[in-house]
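>
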Amino acid sequence: MAFNVKKIASNLFVLILYSSVLTFAGASHRQDHIFPHKGSTTNQRCEPAPINLPLLRDCLSSLGSDPYTYLIDPLSHPTYYEVVNHQWNTRHEKVYPPAYFLPTCTSDVQNMVRCGLANHIPLVPNSGGHSYESLSYGSNSTIIVDFRLMTSVTLLDDGITAEIQPGALLATVYAKLWMAGKRGIPAGMCLTVAIGGNALGGGVGYMDAMYGLATDSVVEFEMVTSAGDAVVANEVTNSDLFWALRGVGPGFIGMVTSLKMKTFDASNINVTFVSIRYAHLKEFVTAMNDLQEWVEWARVNEPNILLVSGIGHENYTSEFPYYIPGFEIGLYHIQDSTINPASSDNFFAGIDLIFGSGHSDPKPRILPVKFPTYLDFISYDLYYTPVNFPLSNGTTVQIGRISHPILNQDPAFAYPPVGSSPQAFEAVQLKRLLFLKKEMAVERFLKTKSFFVKRNLTLDEIQGLYDLIQKIPLNRAWILISTEGSRISAVGRTETAYVHRDALFNFYLNVEAIPQYGDPWGDLDWLYGLWEAGRSFDSGETYQNYPDLDLDDHFERNYAENFDRLVTCKAKWDPENYFNWTLSLPVVVD
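Residue 1 is where the sequence shown starts when you use the UniProt record's numbering, and the numbers rise one by one after that.
Put into structure tokens, the structure is as follows:
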């Protein structure tokens, strides 16, 4: 008989750890996960309270929640504990929370908060588990409130407003809204992210130039406070909280249990994607100048066009993420008959002017793709889907996109023959989207940094990046530059907690790799070098959905002038600072 020594050792460690936290929960071995004292704007260490799981079960049971089914710990549910404790980012040492609580409704969350508070148990929310610093997995001394069972998506009777629970993956949200009435929302570019964290931190995506951020489409939140009360926040009721939740990100004021979002008519739009490709990274200076020229042209002529530019090694072949080698400028034109019915001709004229006949040799390649439906666009290569996908034959494949050709080899997920009805293709697209689960996330190394830019780069600044761009690690790093503006900038900096309304670009710097591509730890020097090279044009602001524990000024970078107002809101709704975790807001400004 063969024994998996590594797995046995891991399970033994979990059991030993579990037995210790029944009576005492030691401090987390993660030095970045600390419990700040009330009133501090920085995280200071204090000793976490002991965790007594039997006492917690009794408390939950007395309030009407089922702790024996939905409180998952390594002794009572050893197999399922491994599933829910799947932590995909290998850059972080794996932690083993004493238990995961899986609520099925708002009252379950209320009960968990009340019992947690009564027993001095720190709680950490987890919607999709995609915090890039693994914040949503807590530590060895926290209990995770995991929303994987709260995933409903309902189109309300008005046919416009959707009510969505926070654990719904974006793939699920997009698919179910399409099925409910061919509706859509603007939200993230990764299908395995959940709507809860995405919308609270802003939620940039391919639709935001036309329809705004995900958070801008929210018309109401339901949230459980630190007292265990369920409250509603909208423009009229608890408007201070409504303001704060639209951009608070990891600031952790309370546990959001439902979002009502305004949808758009997805049957009414046409999406055209135009890929502008530069084959060699030695063309970086030209490509950046072209990019900036396009942004200026679009700002005046077609402000509702999104630009997303990807930069990778010239020989890039990784699925994580799936990108074109070299430098690609991606232009996303959404034609909505109610907003811009006659913009296509102008769009293509601008492309020809800047990248085509008006461009000196060598010209970049121009490759347009027009999508017949919104669902076709969602199901294309552009949405990142890093999952272990189980096939019908019992094997599992690692893919980075829901359109991966290997799925066509599986009868259960293959597209129908050419010439089949649109409904037949749609059925397969929806099946693939709805099949995704958070535990399917591919284990990989990821370190990210980001900053907003509010002006064009000078030629010297572009040339200052050139050498680092030439050294981008093969299959272990990528850069994304997206434009901000249009519907995002139509909202003022202080109208919601999301402050980054006046940016021109957002630079996302990433080291990301699966094990087969080698050790990425050494690539962090390249990443930090690139970060330093961008300091002259860094506006001093960072996207809060890209948490970065390297920063010692994250409150300033995430919230800028909105920070004090957020602290006031936090103090009102969580006066004892019970919801207290890494990057959470303080209740007093020093």
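A virtual CB, placed ideally from N, CA and C, is assigned to each residue, including glycine. Being a predicted model, the structure only gives us computed values, none of them experimental.
#1: In this structure, how does DSSP classify Phe563 when only helix, strand and coil are distinguished?
#2: Excluding the five sequence neighbours on either side, which residues of its own chain have a C-beta within less than 7 Å of the C-beta of Leu177, listed in chain order?
#3: Are Ala230 and Phe242 closer than 7 Å when you measure CB to CB?
#4: Which partner residues of Trp478 appear in the DSSP bridge assignment?
#5: Say whether the region 66-82 touches the region 121-133, bearing in mind that this needs 3 or more beta-carbon pairs closer than 8 Å, one atom from each stretch.
#6: Please decide whether Thr142 counts as near chain C, where near means a Cβ-Cβ distance under 7 Å.
#7: Starting from the C-beta of Phe400, find all residues in its chain whose C-beta is less than 7 Å away, skip the five residues before and the five after it, and write them out in chain order.
#8: Contact between the region 364-379 and the region 412-421 is defined here as three or more beta-carbon pairs at a separation below 8 Å; is this criterion met?
#9: Starting from Met255, follow the beta strand (DSSP E) in both directions and report where the run begins and ends.
#10: At which residues does the beta strand (DSSP E) containing Met223 begin and terminate?
#11: Given this structure, state the Cα-to-Cα distance separating Phe507 from Thr90, to the nearest angstrom.
#12: At what residues does the beta strand (DSSP E) containing Asp146 begin and finish?
#13: So, helix, strand or coil for His130, using DSSP?
#14: Please report the residue range of the beta strand (DSSP E) in which Lys370 lies.
#15: Figure out for me which residue from Leu465, Ala490 and Tyr211 has the closest Cα to the Cα of Asn340.
#16: Name the DSSP bridge partner or partners of Gly529?
#17: Consult DSSP for Val588 and reduce its assignment to one of helix, strand or coil.
#18: Could you have a look at Lys182 and say whether DSSP puts it in helix, strand or coil?
#19: What number of angstroms, rounded off, separates the C-alpha of Glu328 from the C-alpha of Leu480?
#20: Specify the secondary structure class of Trp581 as computed by DSSP and reduced to three states.
#21: Would you list the one or two residues that DSSP bridges to Asn111?
#22: Short of 7 Å in beta carbon distance, which residues of its chain neighbour Asn408, apart from the five on each side in sequence? Order them along the chain.
#23: Does the Cβ of Arg535 have 16 or more other Cβ atoms within 10 Å, making it buried, or fewer, making it exposed?
#24: Straight-line CA distance for Gly356 to Tyr278?
#25: The beta strand (DSSP E) that contains Arg277, what's its start and end?
#26: With a threshold of 16 other CB atoms inside 10 Å of the CB of Val300, please say whether the residue is buried or exposed.
#27: Give me, in chain order, the residues of the same chain whose beta-carbon lies closer than 6 Å to that of Cys190; leave out the 5 immediate sequence neighbours on both sides.
#28: Only counting the same chain, and skipping five residues up and downstream in sequence, which positions put a Cβ closer than 6 Å to that of Ser40?
#29: In whole angstroms, give me the CA-to-CA distance for Arg565 and Asn238.
#30: Ignore the nearest five residues each way along the sequence and tell me which others in Lys471's own chain have a CB closer than 7 Å to its CB.
#31: So what does DSSP say about Val84, is it helix, strand or coil?
#32: Tell me where the beta strand (DSSP E) around Thr396 begins and ends.
#33: Tell me where the alpha helix (DSSP H) around Val295 begins and ends.
#34: In three-state terms, what does DSSP make of Arg432?
#35: Below 7 Å CB to CB, which residues in the same chain sit around Ala180 once its five sequence neighbours on both sides are set aside?
#36: Using CA coordinates, which residue listed in Ser337, Phe425 and Ala199 is at the minimum distance from Ser379?
Judging by the given coordinates:
#1: helix
#2: Val153, Leu155, Ala162, Arg183, Gly184, Ile185 and Thr263
#3: Pairing Ala230 with Phe242 gives a Cβ-Cβ distance that is not under 7 Å.
#4: Asn510
#5: no
#6: Here there is only one protein chain, and chain C is not present.
#7: Residue identity check: residue 400 is Gly in the sequence provided, not Phe. Cβ neighbours of Gly400 beyond the five flanking positions: Glu319, Phe320, Pro321, Tyr322, Tyr384, Thr385 and Pro386.
#8: no
#9: Met255 to Lys262
#10: Start and end: Val218 to Val224.
#11: 23 Å
#12: Ile143 to Asp146
#13: coil
#14: Arg365 to Phe371
#15: Tyr211
#16: Looking at the DSSP output, Gly529 bridges to nothing.
#17: Correct three-state label for Val588: coil.
#18: Taken through DSSP and simplified to helix, strand or coil, Lys182 comes out as coil.
#19: 10 Å
#20: coil
#21: None; Asn111 has no bridge partner.
#22: Ala414 and Tyr415
#23: Exposed, since its Cβ has fewer than 16 Cβ neighbours within 10 Å.
#24: Going from the Cα of Gly356 to the Cα of Tyr278 covers about 13 Å.
#25: Boundaries of the beta strand (DSSP E) around Arg277: Ile269 to Tyr278.
#26: exposed
#27: Tyr384
#28: Residue placement at Ser40 is poorly supported in this model, since its pLDDT is 36, which falls under 50; the coordinates still yield a value, given next. Here Ser40 has Pro586 as same chain residues with Cβ atoms under 6 Å from its own Cβ, once five neighbours each way along the sequence are excluded.
#29: 14 Å
#30: Trp526
#31: Secondary structure of Val84 (DSSP, three-state): helix.
#32: Thr396 to Arg401
#33: Boundaries of the alpha helix (DSSP H) harbouring Val295: Phe284 to Asn301, taken from the DSSP string.
#34: helix
#35: Leu155
#36: Nearest in C-alpha terms to Ser379, of all of Ser337, Phe425 and Ala199, is Phe425.
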